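Below is one structure; the comments refer to it alone.
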Amino acid sequence: MNKKLLSKWITTALLLFCCTINTEARTQKVLVLAEPGGQHEAFTQTGLRWLHQQAEVMNFDITALEDCKKLKTGDIANYDLIIQLNYPPYTWSEASAKEFEQAIDNGTVAWVGFHHASLLGEFDGNSMWEWFSDFLGGIRFQNYIAETADGEVTVEDPGHPIMSGVNPRFIIKEDEWYTYDKSPRQNVHVLASVDESTYQPVSNVTMNDHPVIWTNPKKAARNVYFQIGHSASLFKNPDFVRMFTNAILWGLNLPMRCYDEASLETLLKTQTILATKPILGRMMLAVPTNTGKRAIGTADDPDYAVYGTCSKTLALKEHNLKKWNRLSFDIRSDLNAGVANVNIALETKQPSDLGAHLVNVKGNDWQHVVYQIEELPRNQVTGIRIYTDIKGRNLSKQDTIHYEIRNLRLERVKVPEKVSGWQVATGHIAYSMSGYLTTGRKTAIVNGTGGTFRLINELNHQVVYEGTTIKPDTTLDCPLSVIDFSNFCQEGIYSLAIGTLHTKPFPISQHALDGTMWKVLNFIRCQRCGDTVAGIHGRCHIDVFCDHEGKSHSYGGGWHDAGDLSQQTLQTGDVTYALLEAYQACRQNSPQLATLLLREAKHGLHQIVGTRLGNGWRASSIGLLHWTDGIAGTADDIHTVRKQHLSFDNYLYAAYEAFAAIIMNDSQLKQVAIEDFRYADEQFQRKGIDTFNIMMEHNYNTSKATWMAAASWSASMLYRLTGETVYAEKAARYIQYTLDCQEQTGHYTGYFYRDKTRKAIVHYIHQSREQLPIQALVALCEDQPTHTDFGRWKKAITLYGQYLKHTATVTQPYGMAPSGIYQKEEYSDHDGFDRLHLWAPKNAQQRFNFQLQEGIKVDDSHFIRRFPIWFSIFNGNEAIILSTGKAAALCGKYLNDKALFDIAREQLYWTVGKNPFCQSLIYGEGHRYPRQDSFSSGELVGEMPVGIRSIGDHDVPYFPMTNNACYKEVWLTSAGKWLSLIADFLTP
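Each residue of the sequence shown is one higher than the one before, counting from 9 in this note's numbering.
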């Protein structure tokens, strides 16, 4: 029976998976309803020509109609996107109107409308289409500026995908600016509005509140309406073109465009150069896409390898470059499809742990690159090396890729970009660039003594809140001042000003961070393996196999792990669970986002189910750096995917599958969850707690306390799925070990030791499962409130919450979750120490002691570290703070503790700009977002890095400008934990 069930599920998963692949790979179809003749003829015809150009670039087919009555029954179902290019909401046949309504209501088609699409009323003998009026916000057309006017538009939701890369304010020339019987604002989500006071010439045809771009989030279909659309000159307006482009990409669910204007590197290019020195005129690299040889790595990671490296080095005779703090050059490639990049490195006698700087080369045009080298040792530079790895073909069919580099020069600027320390970056305010949720604390940070600050309404330019900065109670060794506007809760678009400093506009809204979810979901979607991702790669790695019991199982599926092409099934499970959490939180109020979250979660579920090999065995991971040809049976096939039979992994898979079965009401997945839990439990009963043997998998550092928490939480999830008390009993029994590992006496309590020996406290330096004990305890309290151990469970949650609140003080006023309490001689737990610190140096114990002393002393044996104690390449704290934030949110929700919710919320704000570097760590979100190390898939909107690290052995933030692993490498784990945490602030 089990083998039949397994076979049935693998077959079902692969069929669904193949269906998904075919859907994504096919050429999508766009129906353009174009209004013929009249005063809008120029706009319509220009728009059609522009759309045909975009169709070539984005790979979609266009059908243009001038009369909706020509639509036959069933025609609308053939299209993925409908564009109403000034076509009015009348003259539709009854059948086509009904099918359109159903498609929008059911989300089977996306919609972009312009201008005349809101001509709602009785026109030309046609009655008003009531459904369409409700769709656009319950409005009726009233008037317009017949002679046209120029007007300034203000973006109200800069985070929405439609507004990606759009200026906060822009001018629209020669439009008619329709007015309605009322503002649609109460019934739609406004993306932008026109400032009627800016009309030129002045007009008295006004609405006071005048939205001009909006979407109806209540509809399942992705939809956006642009009131603008009168003049053909709009196609010369870069903001309009960008919005239209974004609307098509969003509607067709294609990868979002990377716009660099707000990136940190673009801002670096605006700095005044004090001095410059040319060092190389021109250089060429000719890079074969394949060497004809197999890529071979080390014995323990045989496919984590490239085919070779192509490089050129400009030799220097131990030049002292201390007077220079930047390198710059121009670069272009002739790659016709896919991803191209190079690395540039200073070769020095004094080594640096930062490595080379990755540059993604976009397109065939010259691209100017600036690389800040201020933080690098450069008094004995022997050479400048430019190189690229040979990773095989992804999309291009070229045999050779050529890179041309010119104008390599040294530069000096007066104020290089900040890379370390707690002081706010010079000339900036540290604030949440994505905005602030309506509830909870709302603060920003400036250097020095501060002063009077103003919160300004960006729609009417009025000061809505004014106050004086606060000197924080802080342990940080620099003067900081806090801007606190927590008492202001009116939703809108605002900016902060203090002295000469002024932020860019940001929203205050309960949906302020929704845009980050769209972007992060875009990143996850672009990391797909075994599928086609437009512009990045074709269907990949189908020829990567796990061999088990004489059979080869394709491992193509799930998502690539990071900047490389590695994959871990457990990480796929983690991210799938996060997607499902976000889906559950969004499906009521944001059905458009929810639909895509669920679609992506199903992609993950296909991989989770498809990697089951039978009897508890699973294909578990592979380290991979190169592209294969994707064809099974050829010379580059890979058969080294690792496999494991681990209770810990199967407990988590069972929990994730149970959660999916509950929210998707899937009876087959329910049986899989039950079976995987049984595999885990039987293995546990036979062999006890797992011994983890594969160093590169993210379970390697799992402590016994965390292990037992996972078992307990999984049992609770199975109890919720089945209602069978045997699971509730196991959940209560398994958590006892974890509780025995919690510190419950002394000044600081609530944290967990790795095991009952209490030699070492649970810590993380890379992957983090800090939330697992709290997930388990909250589930127990919610599911079994009459259990005899209920008081003990709730006390443990309360103690942990107090621990978070106590330790959070050491990073104030930033609010970044610290790494936590450390105790002396944790290295006496030799096994735990080695599992946490991979490839630890010989002097690891001495460095541990030094780093410990750099923390905040609690007593003679304990210190609080803001950043983890770490020694290896695995550093960067994004997963750590988001996992801790998740634990805080779980505690806060269960205990109804606002302070804990504030701690959770602050991890989100830190990530999108409220950090000392004033950088958004989500590419394309906010501004001053840095390049990230995405060397396989290129720069991706929504990518997130491993995170900010500390400098040397000191407990000080460090985020170098060098774009390299591990801290700046993009990582699926960070993205998943972002969605998981943000879901707790969206749950109705």
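Glycine included, every Cβ here is placed at the ideal spot set by N, Cα and C. Computed from a predicted structure; not experimentally measured.
- Cβ contact annotation for Ser-271 (same chain, cutoff 6 angstroms, sequence separation greater than five): Tyr-937, in chain order.
- Between the segment 247-263 and the segment 83-100, the count of C-beta pairs closer than 8 angstroms reaches three or more; the two stretches touch.
- In terms of Cβ geometry, Glu-160 and Thr-214 do not form a close pair [threshold 7 angstroms].
- According to DSSP, Pro-296 shares a beta bridge with Thr-408.
- Annotation: Leu-329 is outside any beta strand (DSSP E) and is labelled neither H nor E by DSSP.
- Nearest neighbour of Pro-781 by Cα position, chosen from Tyr-756, His-774, Ala-740 and Lys-767, turns out to be Ala-740.
- Each residue's CA atom was taken as its position, placing Ala-438 and Gly-546 some 40 angstroms apart.
- Pairing Asp-342 with Asn-372, the inter-Cα distance amounts to about 6 angstroms.
- Per DSSP, the continuous beta strand (DSSP E) segment holding Arg-620 begins and ends at 620-622.
- With a cutoff of 7 angstroms on beta-carbon distance, Gln-940 and Lys-906 are scored as not near each other.
- Counting every other CB atom within 10 Å of its CB across the protein chains shown gives Lys-922 a total of 16 or more, marking it as buried.
- In this structure, Glu-43 lies away from Asn-114, with their beta-carbon atoms at least 7 angstroms apart.
- Selection Ala-804, Glu-737, Leu-521 and Ala-736 evaluated against Phe-760 yields Ala-804 as nearest (Cα-Cα).
- Under the three-state reduction of DSSP output, Thr-577 falls in the helix class.
- According to the DSSP assignment, Gln-36 belongs to the beta strand (DSSP E) that extends over 36-42.
- The three-state secondary structure of Phe-967, taken from DSSP, is coil.
- Taking a cut-off of 8 angstroms for Cβ pairs, the segment 320-337 and the segment 373-391 touch, as three or more such pairs fall below it.
- Around the C-beta of Asp-407, fewer than 16 other C-beta atoms lie within 10 Å, and the residue is accordingly described as exposed.
- The C-beta separation of Cys-594 from Leu-587 comes to about 10 angstroms, leaving the pair out of contact by the 8 angstroms criterion.
- Annotated three-state conformation of Gln-752 is coil, per DSSP.
- The three-state reading of DSSP puts Ala-283 in strand, counting E and B together.
- Distance from the CA of Ser-141 to the CA of Tyr-661, rounded to the nearest whole angstrom, comes to 46 angstroms.
- Measuring C-alpha to C-alpha distances from Met-441 to each of Thr-919, Asn-904, Cys-789 and Glu-790 identifies Thr-919 as the nearest.
- The residue among Ala-50, Leu-844 and Pro-96 with its C-alpha nearest the C-alpha of Trp-878 is Leu-844.
- Where Ile-671 is concerned, there is no enclosing beta strand (DSSP E), although the alpha helix (DSSP H) around it starts and stops at 655-672.
- In the three-state reduction of the DSSP assignment, Met-716 falls in the helix class, which pools H, G and I.
- In the DSSP assignment, Cys-789 falls within the alpha helix (DSSP H) that extends over 780-791.
- Under DSSP, Trp-222 shares a beta bridge with Val-198 and Tyr-233.
- DSSP, reduced to helix, strand and coil, places Gly-146 outside both helices and strands of the structure shown, so it counts as coil.
- Secondary structure note for Asp-69: its beta strand (DSSP E) is the uninterrupted segment 68-73.
- In summary, Met-292 is exposed, with fewer than 16 beta-carbon neighbours lying within 10 Å of its beta-carbon over all protein chains present.
- Of the residues Phe-248, Ile-112 and Ile-491, the one whose Cα lies closest to the Cα of Gly-55 is Phe-248.
- With a contact defined as Cβ atoms closer than 8 angstroms, Tyr-659 and Ala-718 qualify at about 5 angstroms.
- Taking a cut-off of 8 angstroms for Cβ pairs, the segment 669-689 and the segment 344-361 do not touch, as fewer than three such pairs fall below it.
- For the pair Pro-96 and Ala-229, the Cα-to-Cα distance works out to about 19 angstroms.
- Taking all protein chains in view, the Cβ of Ser-945 is crowded by 16 or more other Cβ atoms within 10 Å, so the residue is classified as buried.
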